[in-house]
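Visitor: Under our numbering, read the sequence shown as residues 19 to 405, first letter to last.
For reference, the structure I am asking about is given below.
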Amino acid sequence: MTNFDLLPDRRKNIMFTKWTAYPQDVLPMWVADMDFSAPKPILVTLQKQIEHGVLGYEMPAQTLKETVAARMDALYAWKVKPEAVVAVTGIVSGFSVAARAFASPKKGIAIQTPVYNEFHEVKNNLGIPQIDIPLTKKINDNILSYEIDWDVFEKQVKQAGIFLLCNPHNPLGIIFNKAELMRMAEICIRHKTLIVSDEIHSELLLGGNKFTPIAKLSREIEKHVITLIAPSKTFNIPGLFCGFAIIPNKALRERYEAEVNKLRLHVSSLGLHAANTAFSGKCDLWLRDLKKYLTDNRDFLTGYVTEHMPAVRLTIPDATYLVWLDFTQTDIHGSPYEFFLKNAKVAVSEGKIFGKAGAGHIRLNFGTSRALLKRGLDRLNKALHSI
Ligand SMILES: Cc1ncc(COP(=O)(O)O)c(C=O)c1O
């Protein structure tokens, strides 16, 4: 069994974003990668590639596409043909390509806010309108949850070329259920809005939760969906930049691939090999242990905040290693991100980057050892109580 309490020293690599962006005395709990080593089978695969000595150009092989298709079958009984799988240089480039191909200045991109900051960058990068579909915040004691307002959903989605779904949702940790996904799909199809589903966190399920890809709901729905998946979050290899767009609809796929080719988006060979091993099933025991560790981290964190910082509200994520904390009822005036950076020496993610409703909130990454998580929470708690 993997010991997730033991962490490699990440400050040794001067290019690690998470650990070098802030001064040495700051504990980084921001960007979404974990502090754990990747699973052994992936490291062995990469070592073999290095030992061979030649790192030439490589193309996504048919066997890799078969591995991806087989994983969808094994996880969800979703039968996709290997030719439906298109390799992409990550999920942000994957949805940016979709936006280039299928959105326009007249038909923008609809997103459920607060949501992953890169979703908000598409409008700036591509000059297409962003259409916000705010999720409705619910409060029960100190626990936050978010719901879809279906009237707002339909009103906004019908103006869009693309509905960019984040499922499981970053930063809220929601796994949308089948009934919700079905209703989203029906509305999008009725208004001819393409669904692009970012499912990068789909294998990071906490506490026995289950996940269904929206495209798996029916063969009809599948024709209107581009599904984006990657091994990067699950197996902690985001720096290798390899993901996949699954596009069963041939016409959509051809348009998508044409855009990928126009931009010359070639995936690195090490990324392709790592993805093949990640999705082969060889890392599944590691993943089972990881999910247990992350679930325990989530529960520890929820208990800690409830006991020591009762004025702080938080989500209980069903997936991801990210939690959303609301400080609007505390004595912090202004940005809690800035407050904690200065007074607690902890770097979290600023809530406002996820949308306007994120003011007064932060996102915290608990994909680390329990000891570091506790150290971070102790620092936040001390700073909060020093006001
Ligand atoms: C929802 C979501 N999509 C995409 C990404 C990044 O994907 P990539 O690094 O493959 O571009 C992240 C990273 O945090 C994410 O949370």
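Think of the CB as a built atom: it goes at the ideal place given N, C-alpha and C, for glycine as much as any other residue.
Nearer than 6 Å: is that true of the beta carbon of Ser250 relative to any heavy atom of ligand 3?
Guide: With respect to ligand 3, the structure offers nothing, as its ligand set consists of ligand 1.
Visitor: Determine the DSSP secondary structure at His209, reduced to helix, strand or coil.
Guide: Coil at His209, not helix or strand.
Visitor: Per DSSP, Asn158 forms a beta bridge with which residues?
Guide: Beta-bridge pairing links Asn158 to Ile161.
Visitor: Could you please give me the residues that DSSP links to Arg331 through a beta bridge?
Guide: DSSP, once it has assigned bridges, lists Asp344 as partnering Arg331.
Visitor: Hey, would you say Leu162 sits closer than 7 Å to Arg381, going by beta carbons?
Guide: No.
Visitor: For Leu398, collect the residues of the same chain with a Cβ closer than 7 Å to its Cβ; drop the 5 residues on either side in sequence, then sort them by chain order.
Guide: The residues are Phe358, Ala362, Val364.
Visitor: Going by the beta-carbon positions, is the gap between Arg271 and Ile264 smaller than 7 Å?
Guide: No.
Visitor: Bridge partners of Thr433, per DSSP?
Guide: Absent from the structure is residue 433, since the part of the chain shown begins at 19 and ends at 405.
Visitor: Is the distance from the Cβ of Ala375 to the Cβ of Leu222 below 7 Å?
Guide: It is not a contact, given that the beta carbons lie outside the stated cut-off.
Visitor: Can you give me the start and stop residues for the beta strand (DSSP E) that Leu183 sits inside?
Guide: 178-184 is the span of the beta strand (DSSP E), which, as asked, contains Leu183.
Visitor: Count the CB pairs spanning the region 268-288 and the region 112-119 that are closer than 8 Å, and state whether there are at least three.
Guide: Result yes; three or more Cβ-Cβ pairs closer than 8 Å.
Visitor: Would you kindly report the start and end of the unbroken beta strand (DSSP E) that includes Leu382?
Guide: Where Leu382 is concerned, the enclosing beta strand (DSSP E) stretches over 379-383.
Visitor: DSSP puts Gln174 in a beta bridge; with which residues?
Guide: None; Gln174 has no bridge partner.
Visitor: DSSP has Ala337 in a bridge; who is on the other side?
Guide: For Ala337, which the question treats as bridged, DSSP gives the partners Leu223.
Visitor: Roughly how many angstroms separate the alpha carbons of Ile334 and Asp317, rounded to a whole number?
Guide: So the alpha carbons of these two residues sit roughly 8 Å apart.
Visitor: Hey, could you find the ends of the beta strand (DSSP E) Val140 is sitting in?
Guide: Not the beta strand (DSSP E): Val140 falls in the alpha helix (DSSP H), residues 135-144.
Visitor: Can you have a look at Tyr75 and say buried or exposed, based on whether 16 or more other CB atoms are within 10 angstroms of its CB?
Guide: Tyr75 should be labelled exposed.
Visitor: CA-CA distance, His379 and Ser367?
Guide: In a straight line, the C-alpha of His379 is about 9 Å away from that of Ser367.
Visitor: If you draw a straight line from the C-alpha of Glu356 to the C-alpha of Lys125, how long is it?
Guide: Those two C-alpha atoms are separated by around 36 Å.
Visitor: Return the CA-CA distance between Glu406 and His209, expressed in angstroms with no decimal places.
Guide: Since the first and last residues shown for the chain are 19 and 405, residue 406 lies out of range.
Visitor: With Ala87 as the anchor, note down where its beta strand (DSSP E) starts and where it stops.
Guide: First-last for Ala87: 80-94, but that is the alpha helix (DSSP H), not the beta strand (DSSP E).
Visitor: How far does the alpha helix (DSSP H) with Ala119 in it extend, from its first residue to its last?
Guide: Segment 109-120, the alpha helix (DSSP H) holding Ala119.
Visitor: Would you say the beta carbon of Gly257 is closer than 6 Å to some non-hydrogen atom of ligand 1?
Guide: Outside the cutoff, so no.
Visitor: Are the beta-carbon atoms of Ile60 and Ala296 separated by less than 7 Å?
Guide: It is a contact, given that the beta carbons lie within the stated cut-off.
Visitor: Would you kindly report the start and end of the unbroken beta strand (DSSP E) that includes Gly126?
Guide: Residues 126-129.
Visitor: Given a cut-off of 7 Å, decide if Ser298 and Thr85 are closer than it, judged by their beta-carbon atoms.
Guide: In contact: Thr85 and Ser298 (Cβ atoms closer than 7 Å).
Visitor: Give me the Cβ distance between Leu340 and Pro189, rounded to the nearest whole Å; I'm assuming they're in contact under 8 Å.
Guide: Yes, they are in contact, since the Cβ atoms of Leu340 and Pro189 sit about 5 Å apart, within 8 Å.
Visitor: Need the endpoints of the alpha helix (DSSP H) that Gln42 sits in, please.
Guide: Where Gln42 is concerned, there is no enclosing alpha helix (DSSP H), given that its DSSP letter is neither H nor E.
Visitor: Taking 6 Å as the cut-off, is the C-beta of Gly145 nearer than that to any heavy atom in ligand 1?
Guide: Every heavy atom of ligand 1 is 6 Å or more from the Cβ of Gly145, so no.
Visitor: Please identify the residue among Trp168, Asn142, Gly226 whose C-alpha is closest to the C-alpha of Leu305.
Guide: Taking only the C-alpha atoms, the option nearest Leu305 is Gly226.
Visitor: Please name the residue or residues paired with Ile149 in a DSSP beta bridge.
Guide: According to DSSP, Ile149 bridges with Ala128.
Visitor: Just list the beta strand (DSSP E) runs in the region 247-311, keeping only unbroken ones of 3 residues or longer that don't cross its boundaries, in chain order.
Guide: Those beta strand (DSSP E) runs which fall completely within the region 247-311 and span 3+ residues are 261-264.
Visitor: Since Ala203 and Ile239 are thought to touch, with beta carbons under 8 Å apart, how far apart are those beta carbons, to the nearest angstrom?
Guide: That pair is a contact at about 5 Å.
Visitor: Using the Cα positions of Ser236 and Cys206, report the straight-line distance between them to the nearest angstrom.
Guide: Ser236 and Cys206: Cα-Cα distance of roughly 14 Å.
Visitor: Kindly indicate the opening and closing residues of the beta strand (DSSP E) around Val406.
Guide: Outside the shown range of the chain (19 to 405) lies residue 406, about which nothing can therefore be said.
Visitor: How would you label Glu441, buried or exposed, when you count the other beta carbons within 10 angstroms and need 16 or more for buried?
Guide: Residue numbering for the chain in the displayed model covers 19 to 405; residue 441 lies beyond these limits and cannot be assessed.
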